[in-house]
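Peer 1:
Residue numbers (UniProt numbering): 1 to 277.
#1: May I ask you to verify whether the stretch 131-143 touches the stretch 81-101, counting CB pairs closer than 8 Å and requiring at least 3?
#2: Going by Cα to Cα distance, which pick from 44, 272, 62, 27 is closest to residue 153?
#3: State the DSSP-derived secondary structure class of residue 145, mapped to helix, strand or coil.
#4: When we look at the beta-carbon of residue 150 and count the other beta-carbons within 10 Å, is it buried (16 or more) or exposed?
#5: Pull up the CB-CB distance for residue 75 and residue 114, whole angstroms please, since I reckon it's below 8 Å.
#6: Hey, would you say residue 14 sits closer than 8 Å to residue 54, going by beta carbons?
#7: Given that a residue counts as buried once 16 or more other Cβ atoms are within 10 Å of its Cβ, and exposed if not, what is residue 69?
#8: Would you mind stating whether residue 58 and residue 249 have Cβ atoms separated by less than 8 Å?
#9: CA-CA distance, residue 27 and residue 165?
#10: Looking only at DSSP bridge pairs, what is residue 41 linked to?
#11: Measure from the C-beta of residue 51 to each C-beta in chain C and report whether the shortest distance is under 8 Å.
#12: Kindly indicate which three-state DSSP category residue 46 falls into: helix, strand or coil?
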């Protein structure tokens, strides 16, 4: 089996990879990346459309996007629970970390055949991060946010704020219930082990968002991943990650092509941000 087929074994035999597999069912396998480029680096491997190009897999396929969107939520929850296993992150506000310090998306030119969605923390503090291409593949337009692959209309910013306010209100009410002993299920959530994913998958909202379409069409140049237009755009993207300067994910400092200097700086930023917690 070639390197490009390396993810197939997780789909075929997840039970053989217990150290890597975080969650699996008949639809998806969620794993730790074998070569993590950051402290937290997980992959979502859908079993459907597994050999489709990531920029085309969700095109005009709202149902599939919504299904994977649910697994993105699940993966974030698994990651939040696993924060407790790292001393540097144990005292963090897990929800804030999930909302502000994660990237979710795909590489516009994937190196592996099977469709996979990255869920990765923004620290890029890893010995597996070895060169400019590794770093820029997550920190330039080469990396496409999952939300930009959305094939259906999205909420506008005002509606999103209203949704956040409703979620905050519901969470506050739930917390109040727990404090007053009204929630019979609190022990299930609080006593769950850090490395165990939740038993239920978060559900996508039933009401379809509306008003603003995701900027999807500009991501694809041709009608298929094999068209000449697409191949040309892929060549340009590959050149971009090599030519683009190295920009610190913490402070925005430009390191041009000095990868070694960036690595030292990333370690300093990591220690400054997390070691003092």
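Every residue, glycine too, gets a C-beta built ideally from N, C-alpha and C.
This one's a predicted model, so the numbers in the text were calculated from it and none came from an experiment.
Peer 2: Straight from the coordinates:
#1: no
#2: By 1-based counting over the chain shown, the position of residue 153 is 153. Looking at the Cα atoms, 62 is the closest of the given residues.
#3: By 1-based counting over the chain shown, the position of residue 145 is 145. Reduced to three states, the DSSP call for residue 145 is strand.
#4: For the purposes of this step, residue 150 is taken as residue 150 along the chain shown, with counting starting at 1. Residue 150 comes out buried.
#5: Mapped onto the chain shown, residue 75 falls at position 75. Mapped onto the chain shown, residue 114 falls at position 114. Not quite, the Cβ-Cβ distance comes to about 16 Å (not below 8 Å), so this is no contact.
#6: Sequence index remark: in the chain shown, residue 14 carries index 14 (1-based). Sequence index remark: in the chain shown, residue 54 carries index 54 (1-based). Cβ atoms of residue 14 and residue 54: not closer than 8 Å.
#7: Counted from its first residue, the chain shown places residue 69 at position 69. The residue in question, residue 69, is buried, as its Cβ has 16 or more Cβ neighbours within 10 Å.
#8: The count along the chain shown starts at 1 and reaches residue 58 at position 58. The count along the chain shown starts at 1 and reaches residue 249 at position 249. No, the Cβ-Cβ distance between residue 58 and residue 249 is not below 8 Å.
#9: Taking the first residue of the chain shown as 1, we reach residue 27 at position 27. Taking the first residue of the chain shown as 1, we reach residue 165 at position 165. Going from the Cα of residue 27 to the Cα of residue 165 covers about 32 Å.
#10: For the purposes of this step, residue 41 is identified with residue 41 of the chain shown, where counting begins at 1. Residue 41 pairs with 120.
#11: Reference to chain C is not applicable here, since this structure consists of a single protein chain.
#12: As a first step, residue 46 must be located in the chain shown, where it is residue number 46. Of the three classes helix, strand and coil, the one that applies to residue 46 here is strand, per DSSP.
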